[in-house]
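FYI, in my numbering the residues of the sequence shown are 16 to 113. In this text, a Cβ means the ideal position worked out from N, Cα and C, and glycines have one as well.
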Amino acid sequence: MNQHIKSIQEPHSVSSSDCEIKLRNIILDWSDVPLSWIYNDRFSSNAMNALSYFLVDAEFSMCRLCHESIPYIKDEKLIDDLKNFAKQEVLHARAHQF
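Rendered as structure tokens:
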């Protein structure tokens, strides 16, 4: 059996990272960005702008999923990683909103 397939099938509840997730406040300044920011193409620029609004919902959904997973996890480091990841996703999602 492929090692990667085996690792997916066996549940892991231990953080594999020694790194600490550090929260960063994201501040986006769009004042110098033209409305047609993708090669001066209005359609492509507007399509990507619309997609970014849908991604905000996905980011908030990811945060809910992280918090709903916590009761099933035993490793305190992994729980801390999940909480910090969710907080960072909230900050990132809010950066999309004006």
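Using a Cβ distance threshold of 8 Å, E104 and M63 do not count as a contacting pair. With 16 or more other Cβ atoms inside 10 Å of its own Cβ, L97 counts as buried. Taking a cut-off of 8 Å for Cβ pairs, the stretch 85-92 and the stretch 60-74 do not touch, as fewer than three such pairs fall below it.
Annotation for A110: I41 and L43 place their beta carbon closer than 6 Å to its own, counting only its chain and skipping 5 residues before and after. Within the stretch 30-87, the alpha helix (DSSP H) runs of at least 4 residues that lie entirely inside it are, in chain order, 57-84.
Sorting K92, Y54, N55 and L106 by C-alpha distance to the C-alpha of D33 places K92 at the top.
Looking only at W45, S59 and Y68, the smallest Cα-Cα distance to A108 is reached by Y68. Note on A101: 16 or more other CB atoms within 10 angstroms of its CB, so buried under the neighbour-count rule.
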